[in-house]
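Visitor:
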Amino acid sequence: MGLGVIIGVFGVLILSHAAYSTIQYRGLLKIMEEEFSGPPMNVVLELLLGFVFCIWAALTVPGKFLSIHPDSEENRIVSLSANLDFMIFNHRAKAFPLEIDMKLKH
Amino acid sequence: MAGHSDSNSSEKKSSEAMNDVPTFSAENLQNNMKVIYYSRTFMSIIGGVLAGILGFTGFMGFVLYFLVMAITSIGLIAKAKFSVHAYFDSWNRIILDGFMGGLMSFVLFWTFAYDIVHIF
Numbered sequence: 001m002g003l004g005v006i007i008g009v010f011g012v013l014i015l016s017h018a019a020y021s022t023i024q025y026r027g028l029l030k031i032m033e034e035e036f037s038g039p040p041m042n043v044v045l046e047l048l049l050g051f052v053f054c055i056w057a058a059l060t061v062p063g064k065f066l067s068i069h070p071d072s073e074e075n076r077i078v079s080l081s082a083n084l085d086f087m088i089f090n091h092r093a094k095a096f097p098l099e100i101d102m103k104l105k106h
Numbered sequence: 001m002a003g004h005s006d007s008n009s010s011e012k013k014s015s016e017a018m019n020d021v022p023t024f025s026a027e028n029l030q031n032n033m034k035v036i037y038y039s040r041t042f043m044s045i046i047g048g049v050l051a052g053i054l055g056f057t058g059f060m061g062f063v064l065y066f067l068v069m070a071i072t073s074i075g076l077i078a079k080a081k082f083s084v085h086a087y088f089d090s091w092n093r094i095i096l097d098g099f100m101g102g103l104m105s106f107v108l109f110w111t112f113a114y115d116i117v118h119i120f
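Taken in order, these protein sequences are the chains called A and B. Quick note: the first sequence, position 66, residue 66 per the UniProt record's numbering, numbers continuous. Quick note: the second sequence, position 40, residue 40 per the UniProt record's numbering, numbers continuous.
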């Protein structure tokens, strides 16, 4: 996931650099008094590259798909609910000496 | 009888169909839906920024949105290794879910990027 985040940040940086280039291109067009029909070709290529990086990050960063079949390999271990209904405290560990007593004896 | 929470348990859900009993783990399905939602939201934002930088106005922007969503759907299906039924219970989830919510984010970032690049 760390690599995905780095690639995502990289993609966003490339997109913002492309935005900056487009702003400068528009400034140039204003000086030459022409109309804006589209960004120059290298900006379009840069946008495409940034877009591809962002797609890759969007598919890898959020996490993996987990299988929903109950009998698939990765769902073998079924965990009971970890809520208080199933936690019991009335078991044999009360036969152990208390930790405080052990510490006091040293 | 105490109620139980199903947010962190591998709960089975079964239907009453006579010929087949499709059981699946609802917790894993929820996790998969969350992954799709995050992916689609991020791609809507990136698509909005792209539409703003390219200077699209009006209908062309929405065409770009549908294109970005289609590419995201294909990417998600590829991520599920083309066996959608191992991860979801119906095709609609992986193709259509998050479509409308993403549209709002798309228009927002489209407007932002267009203003930053072309107006100010």
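Ideal Cβ positions, reconstructed from N, Cα and C, are used throughout, including at glycine.
What's the C-alpha gap between B/Lys-12 and B/Asn-31?
Guide: Below a pLDDT of 50, predicted positions are generally treated as unreliable, and B/Lys-12, at 48, falls in that range; no measurement from the model is reported.
Visitor: Is it right to say B/Thr-72 is buried, meaning 16 or more other beta carbons lie within 10 angstroms of its own, or is it exposed?
Guide: With 16 or more other Cβ atoms within 10 Å, it is buried.
Visitor: Identify the continuous alpha helix (DSSP H) that holds B/Ala-86 and give its terminal residues.
Guide: Taken as a continuous stretch (DSSP letters only), B/Ala-86 belongs to no alpha helix (DSSP H), as it is neither H nor E.
Visitor: Excluding the 5 residues flanking A/Ala-18 on each side, which residues of the same chain have their C-beta closer than 7 angstroms to its C-beta?
Guide: For A/Ala-18, where only same-chain residues beyond five positions count, the Cβ hits under 7 angstroms are Val-43, Glu-46, Leu-47 and Gly-50.
Visitor: Touching or not, the region 61–78 of chain B and the region 19–36 of chain A, by the rule of three or more beta carbon pairs under 8 angstroms?
Guide: Not touching, per the Cβ criterion.
Visitor: Starting from B/Asn-92, find everything on chain A with Cβ-Cβ shorter than 7 angstroms and list it in chain order.
Guide: Those within 7 angstroms of B/Asn-92 in chain A number zero; the least Cβ separation is about 15 angstroms.
Visitor: Under the rule that 16 or more other beta-carbon atoms within 10 Å means buried, what is B/Met-18, buried or exposed?
Guide: Bear in mind that the predicted position of B/Met-18 carries a pLDDT of just 48, short of 50, making it too unreliable to give a figure here.
Visitor: Could you please give the first and the last residue of the uninterrupted alpha helix (DSSP H) stretch that includes A/Lys-30?
Guide: Per DSSP, A/Lys-30 belongs to the alpha helix (DSSP H) from 2–32.
Visitor: Between the alpha carbons of A/Gly-11 and B/Leu-54, how many angstroms are there, rounded?
Guide: Distance between the alpha carbons of A/Gly-11 and B/Leu-54: 16 angstroms.
Visitor: Within 10 Å of its beta-carbon, does B/Ala-70 have 16 or more other beta-carbons around it, so buried, or fewer, so exposed?
Guide: By the neighbour-count rule (16 or more Cβ atoms within 10 Å), B/Ala-70 is not buried but exposed.
Visitor: For B/Met-43, does the count of other Cβ atoms within 10 angstroms reach 16, so buried, or fall short, so exposed?
Guide: That one is buried.
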